[in-house]
């Protein structure tokens, strides 16, 4: 109890953490016991309050050469030209004409070297910010940010993940943070399943049942003690809020104009849902757009998928800005890796993690900035190399979260960004 | 009847680029080919050691994918949306047109010297092949697929008598046109050649990549790829469909699930009994089918995906433009008893590197 019982202004979230602190948050045994008191810096809490993240997950690995780091005229460059953006000296692929005029709030990072180029392991790396380690279940980005940015009293979900393609679908895990931070995971329908109240149970009955359950739980707790009780009760406390959040997924509540702006594709509709969710206070939303794994016909695949990305991402940024949300919402576009500069016999590009790109937009980001450089053929990073840990540190810093902050897992401190990670300050405000 | 079982590579010219199209001059001594380095090259096969020479001029700025010869001009089309006229004798660029709004896929010349160009703007434009004057355009192809993504117009062919034109797109739609009036006369569908994956990977692959009228203009061959399970790859069977033009009836389907990938070009034999197809996945193939039975008569594999071929029945040779190589093949002019199909040359003329650039990309293809 070192550091935390110092203020009477602790919010309920803090109190809940304190209550659960003796033995963690009631998740699995061994290393799953984290010290929930380790993050009770109230100033930090205030600073990051209201921050949100939308992750546009380009599943399968988009080509950096057909998006953010074109090499026109080079043997590796492919057939597309480079278009000048509204930012002096920065060109991107012609496949992203709308984004070329939307970089005032966006930073491009062209120097990721994450080394791992198979889907499963690379996904794990980019979704946790570190290499898998036996015996430690690292939480993925959404779970960390749900915990850091979320509110225990929230009536909306902390973490929503949409992944409708089946290839490469991985739910991920909140790891040692516990099931409380697992995502609401939408795979088939645009609307969460099984959260609607049954018609045969009137609302008043539903509330009565909740009160009865609370009463019984309190009586039970007087005579029994177990860390899982808090998590159990907390989960029940959130149920009614989650049940009431189904309207957030209903884009028919949007104006026709708004729906038309996002377009007819599923990715567009999901980006609109993401905007509705962050507007309602959901701290982390992941929209996965698969499947970019273009071993054959890379250029035509990117004509299809980049058209979707370009339209939906630029519309989303516009919408967030017009609603005054972009300053507090970080939009990330990234996949598990990039694609080879060399072009194979099927006019495809294969997996490549040595020199690839991502973007960060909005909250905490120095718009119009460009970080890193690859060689003339895109084979290696020649300036500003970053690994997954550095990217995570940058994301945390953009959101006002101390990237050196540690979770105590049992007796082991684990920093939220990997050891020796450094934020990329050149893209931060 | 040609004896394609004797088909073999007799000469190869490796290149560091991808070669997409080729044409010969009238006496079949000089060959031109279009490259991924945006250049158009000439190779004189009459020379003892042919070396390629780039044609001179402003040239293209993206992949050169389309080519035709008419009179004194070589005409090329490119993903840069331009058509360029080159003087055959001087090798100089003489005219260029910003012809389309998106990638030019193929061009063709009619017997009455009109140039037809097709592009991903889904238009077929008609030009005077000598002056470059625009003569009209037509389209019957939707710019978007049924799933709201950009479509592509890949294939065109002009009937041997120049009376009829066919155009084929990504979703498997073929429109057949009167070449004089530019009125659509009929259409056929080869929708098996378009694979939309609505669930697993949520994008598409395929399309009609080649069209060829039979010598009597009664049939149309359509080439592409059959349905694909894993659309990350060109993993469908190579596929040819034969249609009766007057009825629209599909007469024949020929699939090869061993030699997978796209059928990039089709050529009927002179008597219309067989059809030669070429294309591929990572590697390439040359395949011959009997049209009436649909049976594959012969197939030869090739080390690179073949994008184009030119068949010369007079001297029984085929020239192919492929991924990283140009190759000359030969076959016996008539059926003779040959023991085995020869798929790769045992002794190929020592390949001459075709001016390999210093900055050729390393061969580096990570595994899946």
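Protein chains in written order, with this note's numbering: chain A, 2 to 430; chain B, 221 to 588. Where a beta carbon is used, it is the ideal one built from N, C-alpha and C, also for glycine. Keep in mind it's a predicted model, so treat the numbers as computed, not measured.
Exercise. In whole angstroms, what separates the C-alpha of residue 326 of chain A from that of residue 261 of chain B?
Worked result: The residue labelled residue 326 of chain A in the question sits at position 325 within the first chain. The residue labelled residue 261 of chain B in the question sits at position 41 within the second chain. Distance between the alpha carbons of residue 326 of chain A and residue 261 of chain B is about 55 Å.
For this session: Might you give, ordered along the chain, the residues of its own chain that have their beta carbon closer than 7 Å to the beta carbon of residue 350 of chain A, omitting 5 neighbours on each side?
Result: Residue mapping note: residue 350 of chain A aligns to position 349 of the first chain, counting from 1. The answer, listed in chain order, is 64, 295, 299, 340, 341, 344.
For this session: Would you decide whether residue 270 of chain A is buried or exposed? Buried here means 16 or more other CB atoms lie within 10 Å of its CB.
Result: Your numbering for residue 270 of chain A matches position 269 in the first chain. Result: buried.
Problem set entry | DSSP beta-bridge partners of residue 464 of chain B | Start at 1 with the first residue of the second chain, and residue 464 of chain B comes out as number 244. B:439, per the DSSP bridge assignment.
Problem set entry | Three-state secondary structure (DSSP) of residue 428 of chain A | Position 427 of the first chain holds residue 428 of chain A. If DSSP states are grouped into helix, strand and coil, residue 428 of chain A belongs with the helices.
Exercise. Per DSSP, what kind of secondary structure is residue 207 of chain A in: helix, strand or coil?
Worked result: Here residue 207 of chain A refers to the residue found at position 206 when the first chain is read from its first residue. Residue 207 of chain A falls in the helix class under three-state DSSP.
For this session: Please report how far the alpha carbon of residue 579 of chain B lies from the alpha carbon of residue 514 of chain B, in whole angstroms.
Result: For this step, residue 579 of chain B is matched to residue 359 along the second chain. For this step, residue 514 of chain B is matched to residue 294 along the second chain. Residue placement at residue 579 of chain B is poorly supported in this model, since its pLDDT is 39, which falls under 50; the coordinates are not used for a value here.
Problem set entry | Whether residue 322 of chain B touches residue 340 of chain B by CB criterion (7 Å) | Along the second chain, one-based indexing puts residue 322 of chain B at 102. Along the second chain, one-based indexing puts residue 340 of chain B at 120. Yes.
Exercise. Is any beta-carbon of chain B found at less than 7 Å from that of residue 69 of chain A?
Worked result: Taking the first residue of the first chain as 1, we reach residue 69 of chain A at position 68. Not closer than 7 Å to any Cβ of chain B, the Cβ of residue 69 of chain A fails to qualify, so no.
For this session: State the DSSP-derived secondary structure class of residue 148 of chain A, mapped to helix, strand or coil.
Result: Position 147 of the first chain, counted from the first residue, corresponds to residue 148 of chain A. Correct three-state label for residue 148 of chain A: helix.
For this session: Starting from the beta carbon of residue 304 of chain A, find every residue of chain B whose beta carbon is closer than 7 Å, and list them in chain order.
Result: Here residue 304 of chain A corresponds to residue number 303 of the first chain, with the count starting at 1. Those are 370, listed as they occur along chain B.
Exercise. By the criterion of Cβ-Cβ separation under 8 Å, what are the contact partners of residue 419 of chain A in chain B?
Worked result: In the first chain, residue 419 of chain A corresponds to position 418, counting from 1. Chain B residues near residue 419 of chain A: none, gap ~24 Å exceeds 8 Å.
For this session: Check each candidate in B:521, B:495, B:503 and name the one with the smallest Cα separation from residue 512 of chain B.
Result: Within the second chain, the letter at position 292 stands for residue 512 of chain B. Out of B:521, B:495, B:503, B:495 has the C-alpha closest to the C-alpha of residue 512 of chain B.
Exercise. Whose Cβ in chain A lies nearer than 9 Å to the Cβ of residue 501 of chain B?
Worked result: Sequence index remark: in the second chain, residue 501 of chain B carries index 281 (1-based). The contacting residues are 297, 346, 347.
For this session: Using a Cβ-Cβ cut-off of less than 7 Å, give me the residues of the region 407-429 of chain B that come near chain A, in sequence order.
Result: 419, 420, 421, 422, 423, 424, 425
For this session: Could you check which residue in B:475, B:444, B:476, B:285 has the C-alpha nearest to that of residue 389 of chain B?
Result: Against the second chain, residue 389 of chain B aligns to sequence position 169. Residue B:444 is the option with its Cα nearest to residue 389 of chain B.
For this session: Closer than 8 Å, Cβ to Cβ, to anything on chain A: give me those residues from the region 223-242 of chain B, in chain order.
Result: 236, 237, 238
For this session: Taking C-beta pairs closer than 8 Å, name the residues in chain A that residue 336 of chain B reaches, listed in chain order.
Result: If you number the second chain from 1, residue 336 of chain B lands on position 116. Near residue 336 of chain B there are no residues of chain A at all, since even the closest Cβ is about 22 Å away, more than 8 Å.
Problem set entry | Counted within 10 angstroms of its Cβ, other Cβ atoms place residue 25 of chain A as buried (16 or more) or exposed | As a first step, residue 25 of chain A is located in the first chain; it is residue number 24 there, counting from the start. Low per-residue confidence applies at residue 25 of chain A: pLDDT is 34, beneath 50, and the placement is therefore not dependable, though the value from the model is reported in the following sentence. It counts as buried.
Problem set entry | Of the listed residues B:485, B:476, B:362, B:532, nearest to residue 373 of chain B (C-alpha basis) | For this step, residue 373 of chain B is matched to residue 153 along the second chain. Of B:485, B:476, B:362, B:532, the residue nearest in Cα terms is B:362.
Exercise. Residues bridged to residue 241 of chain B by DSSP?
Worked result: In the second chain, residue 241 of chain B corresponds to position 21, counting from 1. DSSP output for residue 241 of chain B lists B:254 as bridge partner(s).
Problem set entry | Within chain A, the residues that residue 257 of chain B reaches when beta carbons sit closer than 8 Å | Numbered from 1 along the second chain, position 37 holds the residue referred to as residue 257 of chain B. Those within 8 Å of residue 257 of chain B in chain A are 76.
Exercise. Can you list the residues of chain A that residue 377 of chain B reaches, using a CB-CB cut of under 7 Å?
Worked result: Position 157 of the second chain holds residue 377 of chain B. Within 7 Å Cβ-Cβ: nothing; residue 377 of chain B doesn't reach chain A, min ~21 Å.
Problem set entry | 8 Å contact criterion, which residue 454 of chain B and residue 480 of chain B should meet: CB distance rounded | Locating residue 454 of chain B in the second chain gives position 234, where the first residue counts as 1. Locating residue 480 of chain B in the second chain gives position 260, where the first residue counts as 1. About 6 Å separates the two Cβ atoms, so the contact holds.
Exercise. Is it buried or exposed for residue 414 of chain B, if we count other Cβ within 10 angstroms and need 16 for buried?
Worked result: In the second chain, counting from the first residue as 1, residue 414 of chain B sits at position 194. Buried, by the Cβ-count rule.
For this session: Using 10 angstroms around the beta-carbon of residue 1 of chain A, count the other beta-carbons present and answer buried if the total reaches 16, otherwise exposed.
Result: The question about residue 1 of chain A has no answer here: the residues shown for chain A are numbered 2 through 430.
For this session: Give the single residue among A:268, A:96, A:60 whose Cα lies nearest to the Cα of residue 69 of chain A.
Result: The count along the first chain starts at 1 and reaches residue 69 of chain A at position 68. Of A:268, A:96, A:60, the residue nearest in Cα terms is A:96.
For this session: Compute the Euclidean distance between the alpha carbons of residue 532 of chain B and residue 337 of chain A, then round it to the nearest angstrom.
Result: Translated into positions along the second chain, residue 532 of chain B becomes position 312. Translated into positions along the first chain, residue 337 of chain A becomes position 336. Taking the straight line from one Cα to the other gives about 49 Å.
Problem set entry | Distance, residue 169 of chain A Cα to residue 292 of chain A Cα | Start at 1 with the first residue of the first chain, and residue 292 of chain A comes out as number 291. Start at 1 with the first residue of the first chain, and residue 169 of chain A comes out as number 168. Residue 292 of chain A and residue 169 of chain A: Cα-Cα distance of roughly 8 Å.
For this session: Could you tell me whether any Cβ in chain B is nearer than 7 Å to the Cβ of residue 166 of chain A?
Result: Counting from 1 along the first chain, the entry for residue 166 of chain A is found at position 165. Output row for residue 166 of chain A: interface = yes.
Exercise. For the 8 Å Cβ check, are there 3 or more pairs between the region 359-371 of chain A and the region 90-110 of chain A?
Worked result: yes
Exercise. Near residue 275 of chain B, what residues of its chain come up, given a Cβ to Cβ distance below 8 Å and the 5 sequence neighbours on each side ignored?
Worked result: If you number the second chain from 1, residue 275 of chain B lands on position 55. Only 252, 259, 260, 261, 262, 294, 306, 311, 312, 313 meet the Cβ criterion.
Problem set entry | Nearest candidate by alpha-carbon position, reference residue 224 of chain B, set B:542, B:537, B:543 | For the purposes of this step, residue 224 of chain B is identified with residue 4 of the second chain, where counting begins at 1. Per the Cα distances, B:537.
Exercise. Do you know how far the Cα of residue 370 of chain A is from the Cα of residue 430 of chain A?
Worked result: For this step, residue 430 of chain A is matched to residue 429 along the first chain. For this step, residue 370 of chain A is matched to residue 369 along the first chain. Rounded to whole angstroms, residue 430 of chain A to residue 370 of chain A spans 10 Å at the Cα level.
Problem set entry | Continuous beta strand (DSSP E) stretch holding residue 367 of chain B: start and end | Numbered from 1 along the second chain, position 147 holds the residue referred to as residue 367 of chain B. From DSSP, residue 367 of chain B is part of no beta strand (DSSP E); its letter is neither H nor E.
Exercise. How is the beta strand (DSSP E) around residue 409 of chain A delimited, first residue to last?
Worked result: Along the first chain, read from residue 1 onward, the residue named residue 409 of chain A stands at position 408. Per DSSP, residue 409 of chain A belongs to the beta strand (DSSP E) from 407-410.
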